[in-house]
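Please read the structure below before turning to the comments.
In the working numbering, the protein residues as written are 1 to 84.
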């Protein structure tokens, strides 16, 4: 990913609340699997939602710390509510 969707950084920050500084594609690549996983999924999801393409995630919590899993759940609920 060269450029994130306008909202990707905001939603990734909601998952990784202790992260300091901006969230960029480069930051996600350098900060480990969890950041790459969430950043990529979030970005693709937002871009597909913008185009009206349905999307489903399988095991979105895989590989994440339990605290990040909880926050990701909140973000998923928020996206579902926005899609309705």
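Yeah, the Cβ is synthetic: ideal placement off N, Cα and C, and Gly gets one too.
Buried versus exposed, by CB contacts within 10 Å (16 or more), residue 82 | exposed
Simplified DSSP state of residue 8, which is helix, strand or coil | helix
Go ahead and pull the three-state DSSP assignment for residue 21.
-> coil
Measure from the alpha carbon of residue 63 to the alpha carbon of each residue in 1, 38, 42, 9, then state which is nearest.
-> 38
Taking the continuous alpha helix (DSSP H) assigned at residue 36, which residues delimit it?
-> 33 to 50
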